[in-house]
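In terms of my numbering, the sequence shown opens at residue 3 and continues consecutively. A quick write-up on the structure given underneath.
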Amino acid sequence: MKKTISTSFFLFVLALTSMAQTQNHQKLLELDLGWEKAQLESNVEFLENLLAKDFVWVHNHASLIDGKDAVISKANRIQNGQADNTKGRVSRDQTVVILGKTGVVSGFTVVDRGPSPTTYHFMRTYVKKKGKYVLLANHTMAIPDEELKGK
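Printed below as a string of structure tokens:
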């Protein structure tokens with residue numbers, strides 16, 4: 003009898019843990035899509051709330067490294083009339099890995115700035131702080147067109 007109760011309790015806890023993980027995976031996917039939308043729309047308020055104080059964005063081949071202030075400053079400039087040639091941002095093939103309070107979302111984003119879209123591989127690191135995820139780091143790498151032809 004004790005063995006049945008112990009096994010049942012263990013399976014119940016395992017099911018709850020699995021459900022919580024699935025919910026966190028979904029939260030991170032939605033949050034990451036929010037990041038893409040905020041980039042496209044230069045949504046300053048969303049970015050201010052999403053980015054960790056020490057946020058770092060390493061761009062293609064480390065050609066540029068931005069922090070939170072630079073990202074928000076650019077969004078503000080665009081909101082105030084600076085030209086922005088980005089027409090679209092579409093994510094695909096996202097995967098989520100969570101370990102403790104840290105989650106990593108990786109995948110591909112196709113950014114349309116004309117004349118032809120550029121595909122980037124990304125890896126973003128989120129950390130749960132005071133019950134909500136914040137974006138701590140983003141690494142993006144452009145994929146050469148010749149490498150995309152086989153995919």
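C-beta atoms are modelled at their ideal positions from N, C-alpha and C, and glycine is treated no differently. If you're wondering where the values come from, they're calculated on a predicted model, not measured in any experiment.
- Cα atoms of residue 143 and residue 92: separation of roughly 15 Å, rounded to the nearest angstrom.
- Between the alpha carbons of residue 105 and residue 98 lies a gap of roughly 7 Å.
- Straight-line spacing of the CA atoms in residue 30 and residue 61 works out to 21 Å.
- Within the region 41-75, complete beta strand (DSSP E) segments of at least 3 residues are found at 53-60, 67-69, given in chain order.
- Contact annotation: the region 100-117 does not touch the region 48-64, with fewer than three C-beta pairs closer than 8 Å.
- For residue 33, the closest alpha carbon among the candidates 126, 114, 80, 85 is that of 126.
- According to DSSP, residue pairing for residue 131 in a beta bridge involves 134.
- Listed as beta-bridge partners of residue 114 by DSSP are 90.
- When Cβ pairs closer than 8 Å are counted between the two stretches, the region 37-56 is seen to touch the region 130-139, the count reaching three or more.
- Non-local C-beta neighbours of residue 40 in its own chain, meaning closer than 6 Å and more than five positions away in sequence, comprise 48, 49, ordered along the chain.
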